[in-house]
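K.L.:
Before anything else, here's the structure in question.
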Amino acid sequence: MNNSRRSFDVLVVGAGPAGIAAACCAAQAGVRVGIVDNNARPGGQIWRGETQDSNVADAADWLRKLASSRAEILAPMEVFAQPEAGRLTATSSDGVCELGYKKLILCTGARERFLPFPGWTLPNVMGAGGLQAVVKSGMDIAGKKVILAGSGPLLLAVGAHLRAHGADVRTIAEQAPWSRLIRFGMALASRGRKISQALQLKKRLSRIAFRAGCWVVAAEGDGKVESVTLRTVHKTWREPCDYLACGFHLVPNTELASLLGCELRGGFVRTDEFQQSSVSGIYCAGEPTGIGGLELSIAEGQIAGFAAAGQRERAQEYFGEQKSQRRFSMALERAFMLRDELRPLASAETIVCRCEDVKFGRLREQSSWRAAKLQTRCGMGPCQGRICGPAVEFLFGWKAESARPPIFPVAVESLAATACAE
Amino acid sequence: MRAGAYDVVIVGAGIVGAACAWACASEGLRVAVIEADIIGGGATGAGMGHLVVMDDSKAQFALTRYSRSLWQQLVTELPGDVEYESCGTIWVAADQEEMEAVRQKKEFYETRGVPAEMLDAKALRMAEPNLREGLAGGLRVPGDAVIYAPCAARFFIERAQSRGAELYLPRVVTGITAEGVRLNDGTVIAAHRVVNAAGTWSPMLTPGIEVKKRKGHLVITERYAGFVKHQLVELGYLKSAHSMTTESVAFNVQPRRTGQMLIGSSRQFDMEGKGVDANILRRMLGRAAEFLPGVNRLSAIRSWTGFRAATPDKLPLIGPWPGHENLFLATGHEGLGITTSLGTAKLLVDQLLRRTSEIPIAPYLPSRVPESVHA
Chain A
-2 MNNSRRSFDV LVVGAGPAGI AAACCAAQAG VRVGIVDNNA RPGGQIWRGE
48 TQDSNVADAA DWLRKLASSR AEILAPMEVF AQPEAGRLTA TSSDGVCELG
98 YKKLILCTGA RERFLPFPGW TLPNVMGAGG LQAVVKSGMD IAGKKVILAG
148 SGPLLLAVGA HLRAHGADVR TIAEQAPWSR LIRFGMALAS RGRKISQALQ
198 LKKRLSRIAF RAGCWVVAAE GDGKVESVTL RTVHKTWREP CDYLACGFHL
248 VPNTELASLL GCELRGGFVR TDEFQQSSVS GIYCAGEPTG IGGLELSIAE
298 GQIAGFAAAG QRERAQEYFG EQKSQRRFSM ALERAFMLRD ELRPLASAET
348 IVCRCEDVKF GRLREQSSWR AAKLQTRCGM GPCQGRICGP AVEFLFGWKA
398 ESARPPIFPV AVESLAATAC AE
Chain B
177 MRAGAYDVVI VGAGIVGAAC AWACASEGLR VAVIEADIIG GGATGAGMGH
227 LVVMDDSKAQ FALTRYSRSL WQQLVTELPG DVEYESCGTI WVAADQEEME
277 AVRQKKEFYE TRGVPAEMLD AKALRMAEPN LREGLAGGLR VPGDAVIYAP
327 CAARFFIERA QSRGAELYLP RVVTGITAEG VRLNDGTVIA AHRVVNAAGT
377 WSPMLTPGIE VKKRKGHLVI TERYAGFVKH QLVELGYLKS AHSMTTESVA
427 FNVQPRRTGQ MLIGSSRQFD MEGKGVDANI LRRMLGRAAE FLPGVNRLSA
477 IRSWTGFRAA TPDKLPLIGP WPGHENLFLA TGHEGLGITT SLGTAKLLVD
527 QLLRRTSEIP IAPYLPSRVP ESVHA
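Quick note, the sequences are listed as chains A and B, same order.
Take the first sequence: its position 377, counted from the start at 1, is 374 in the working numbering, and no numbers get skipped.
Converting from the second sequence to the working numbering requires adding 176 to each position, the first position being numbered 1.
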């Protein structure tokens, strides 16, 4: 196995919008910049598959900026440990790569939250973002009956995307009630750009039944999902489908931040206005600091990039945007808060931890996340609780513990290669 | 709080405290168990769960053999989540010098009624095809087993509760007094006897007992059923476990019922932090790969650390603590607490009830004068 070593003044982890913005700004400041991502091409989840010629204007702009910057793109590469301060280890196609840094910017994005309900482990029940990703990579969805259920703006974006690929999107079930969505809409109305995005989306979604205050209670089927039971406060009914795509808003990817000792607050990485975390020299931008969407991610990325490169004045130019987008972020959080009716969906027999096949009934008997892990091995499988952790936190209020290396599974020899420099 | 209600208060619901609670409750004693965190949250949850007869000293051998026989009697009662697997241990000998030690070990075991089987190089390869070529052989001890210890501790607590024991959790004991124990909220739980079974925390409650933290690292893999079939331990393990040097690693791999493998082991004194030490990890995994080259390509999902409660002479402290009429100890089990929990519980109850034990108690009494410790 090859081991290589690289060193950077500023190292960015994650090449979604926040990471790209951070890398571009830091490179503009003239320091040596590297940007790591586990996908072969930059863009993150939201700009997956976009190129410099994309008709998504932001994506094309930023991908062009990154390509013409002096930032070095290190991909596909995945950071899994920090053997000592200032040095990360990552897996790449040809072995373990050691990445030295003076300043680090974590832009590790977010993932969907899944909640357990009877039938959620049936084949063809997928994450909303997951279904979008497989369609982007070529799966034929044309003519398939799709139901989207969960919460958050992502459902609409995915619905529009699937529809554009010929899917028969039957229903989008948004658990948040209309009252909250209307308030959120009014908050949007104060921002021209967001409202025009929303209107565009609405056009693409015309004739799809969008139901607010509606949630999935079960998926049924023999060998794969065939129907979904939906509920509102007034009624419960069943709808046939070929695919059920779920996503209950987003949860931040904070495992690396946590491994590096960055303080979390309310599940998010706490930063100062320059995006610096509680660990000096480690910055964080984008969703891990609070789910706020594209514009906030880019603003935070720019601030972090300039600040990490020592140009605090230039970073300050984005404080206004950061502040205004954070208000949007808070409105988003209020609007898509999960309703209590989602807690009792799972039955005793519903699997919560898919890695270790742990059922809801066994978890209910435990007193804490640690007790649950120790007694049932919930969250102890290959995903290390990335999927069941946020569900368990919502269901029982148990907070995940600090991360341990490796933050995702790696070959034993890679883990062994994480020794301190001689 | 029912003051004066208890015959025995046990501090700590690790596997040792849990086994003691069950044993005491089975004798009709009124028992309370007080646990600061969760059942099995210390060394019990951090370690491997190897039920093993070990021969670092005659006393260690006597206690591990006795305890293993108690586990064997219990097998049919253990719930499924304890995952008892009678996989046996193979002590792996790298060269002819170690084969000579294997011969001596076999004789020592067999003359004391513990079946053990010599494996030559070929037999070793047959038994464990993933071990590297060129190893000299090994000693198979078929009666050894592995379990998932946190669930065993919970099972012992449940058994104790079914016989009337009460569990206080999470409640923190801040002091042991002549009346019983005092909790951090000022409550006093009165008891005639107190058993300090708090493992690495025991010296905080009973100053003067010689228990030190000895840090260990472990790594767990994804599922590779059948990659190893026995618990595999290098013969040099005893040297690592016995040595009092600050740092050592040894090849020690355990198959889990899930098909996962635990890869150990390391020992470090004078380490307080729980952090994973990258250098220890490298040495420990490197050592594993020297014996099991294929392990390098397997996927590791997690590493973690834990602390063993170590005594200078490698033997636990079981029995009355001199100078304190009501205080008994059941601590200092280092890396063998899972195995020796059941034997410890029997010896402790015998001490509480002033009975003669099935094995000589003297080597484990806290009042013993330890033999000089070899380096």
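Virtual Cβ for every residue (Gly too), placed ideally from N, Cα, C.
Since the structure is predicted, the reported quantities are computational estimates derived from the model, not experimental observations.
Got a sec: which bits of the stretch 78 to 102 of chain A sit with their beta carbon under 8 Å from any beta carbon on chain B, in order along the chain?
P.N.:
A78, P80 and E81
K.L.:
Would you mind reading off the limits of the alpha helix (DSSP H) that contains A299 of chain B?
P.N.:
A297 to A303
K.L.:
Out of curiosity, what's the CA-to-CA distance linking E47 of chain A and I396 of chain B?
P.N.:
The C-alpha of I396 of chain B is placed about 38 Å away from the C-alpha of E47 of chain A.
K.L.:
What first and last residue would you give for the alpha helix (DSSP H) that runs through M136 of chain A?
P.N.:
Here M136 of chain A belongs to no alpha helix (DSSP H), and DSSP marks it neither H nor E.
K.L.:
If you draw a straight line from the C-alpha of S479 of chain B to the C-alpha of A397 of chain A, how long is it?
P.N.:
16 Å
K.L.:
Can you check DSSP and say which residues form a bridge with D165 of chain A?
P.N.:
A:K142
K.L.:
Note down, in chain order, every chain B residue with its Cβ under 7 Å from the Cβ of S364 of chain A.
P.N.:
Those are I214, listed as they occur along chain B.
K.L.:
Just the chain A side, please: which residues come within less than 8 Å of S262 of chain B by C-beta, in chain order?
P.N.:
Residues of chain A passing the Cβ test: none, with the nearest at roughly 21 Å.
K.L.:
Go ahead and label M183 of chain A buried or exposed: buried means 16 or more other beta carbons lie within 10 angstroms of its beta carbon, across all protein chains shown.
P.N.:
exposed
K.L.:
Excluding sequence positions up to five away, which residues of its chain have a Cβ less than 6 Å from the Cβ of K142 of chain A?
P.N.:
D165, R167, C238 and D239
K.L.:
In angstroms, rounded to a whole number, what distance separates the CA positions of E534 of chain B and T515 of chain B?
P.N.:
17 Å
K.L.:
What does P326 of chain B touch in chain A if you count any residue whose Cβ is under 8 Å from its own?
P.N.:
Going along chain A in sequence order, the residues near P326 of chain B (Cβ under 8 Å) are L371 and Q372.
K.L.:
So, for F427 of chain B: in the same chain, excluding its five sequence neighbours on each side, which residues have a beta-carbon less than 6 Å away from its beta-carbon?
P.N.:
E410, R463, A464 and F467
K.L.:
From this set, A:F245, A:A130 and A:G126, which residue's C-alpha is nearest A170 of chain A's C-alpha?
P.N.:
Put simply, of A:F245, A:A130 and A:G126 the residue whose alpha carbon is nearest the alpha carbon of A170 of chain A is A:F245.
K.L.:
Going straight from the alpha carbon of A206 of chain A to that of R228 of chain A, what length do you get?
P.N.:
So the two alpha carbons sit approximately 14 Å from each other.
K.L.:
Please confirm if the stretch 99 to 118 of chain A is in contact with the stretch 245 to 259 of chain A, defined as three or more CB-CB distances below 8 Å between the two stretches.
P.N.:
yes
K.L.:
For F325 of chain A, count neighbouring Cβ atoms within 10 angstroms of its own Cβ and tell me buried if that reaches 16, exposed if not.
P.N.:
buried
K.L.:
On the premise that N52 of chain A lies in contact with F241 of chain A, defined as a C-beta separation below 8 Å, what is that separation, rounded to the nearest angstrom?
P.N.:
Checking the displayed sequence, the identity of residue 241 of chain A turns out to be Leu instead of Phe. Incorrect: roughly 30 Å between the Cβ atoms, too far for contact.
K.L.:
Classify N428 of chain B as helix, strand or coil using the three-state DSSP reduction.
P.N.:
strand
K.L.:
Does any CB atom of chain B fall closer than 7 Å to the CB of R361 of chain A?
P.N.:
no
K.L.:
Between E419 of chain A and A413 of chain A, what straight-line distance do the alpha-carbon atoms span, to the nearest angstrom?
P.N.:
Any reading at E419 of chain A is ruled out, since the residue's pLDDT is 38, under 50, leaving its predicted position unreliable.
K.L.:
Beta-carbon within less than 6 Å of A401 of chain B's beta-carbon, same chain only, minus the 5 sequence neighbours each way: which residues are those?
P.N.:
For A401 of chain B, where only same-chain residues beyond five positions count, the Cβ hits under 6 Å are G435.
K.L.:
To the nearest angstrom, how far is it from the Cα of G340 of chain B to the Cα of A82 of chain A?
P.N.:
Those two C-alpha atoms are separated by around 52 Å.
K.L.:
Using a threshold of 7 Å, state whether the C-beta atoms of A208 of chain B and Y182 of chain B are closer than that.
P.N.:
Taking 7 Å as the Cβ cut-off, A208 of chain B and Y182 of chain B qualify as a contacting pair.
K.L.:
Let me know the secondary structure DSSP gives N372 of chain B once reduced to three states.
P.N.:
strand
K.L.:
Start and end of the alpha helix (DSSP H) containing P39 of chain A?
P.N.:
It is not in any alpha helix (DSSP H) - P39 of chain A carries neither H nor E in the DSSP assignment.
K.L.:
Excluding the 5 residues preceding and the 5 following A312 of chain A in the sequence, name in chain order all residues of the same chain whose CB lies nearer than 7 Å to its CB.
P.N.:
Result list for A312 of chain A: F271, I300, F303 and A304, in chain order.
K.L.:
In whole angstroms, what is the alpha-carbon distance linking V225 of chain A and V93 of chain A?
P.N.:
45 Å
K.L.:
Who are the Cβ neighbours of S344 of chain A in its own chain at under 6 Å, not counting the five residues just before and after it?
P.N.:
P115
K.L.:
So, helix, strand or coil for F207 of chain A, using DSSP?
P.N.:
strand
K.L.:
Return the chain-ordered list of same chain residues with a C-beta closer than 7 Å to the C-beta of C104 of chain A, the five sequence neighbours on each side being excluded.
P.N.:
V9, V10, G11, G13, A15, G16, A19, A282, G283 and G298
K.L.:
Less than 8 Å between C-beta atoms, sequence neighbours within five positions excluded: which residues of the same chain meet that for S548 of chain B?
P.N.:
Note on S548 of chain B: pLDDT 47, under 50, position unreliable in the model; the coordinate value appears next. Same-chain partners within the cutoff: there are none.
K.L.:
My output table needs one value for E284 of chain A: the three-state DSSP class, helix, strand or coil.
P.N.:
helix
K.L.:
Taking just the CA atoms, how far does E261 of chain B sit from R433 of chain B?
P.N.:
7 Å
K.L.:
Rounded C-beta distance between A374 of chain B and G225 of chain B? I'm assuming under 8 Å.
P.N.:
Not a contact, Cβ separation roughly 20 Å.
K.L.:
Once DSSP output is grouped into helix, strand and coil, what is the label at T520 of chain B?
P.N.:
helix
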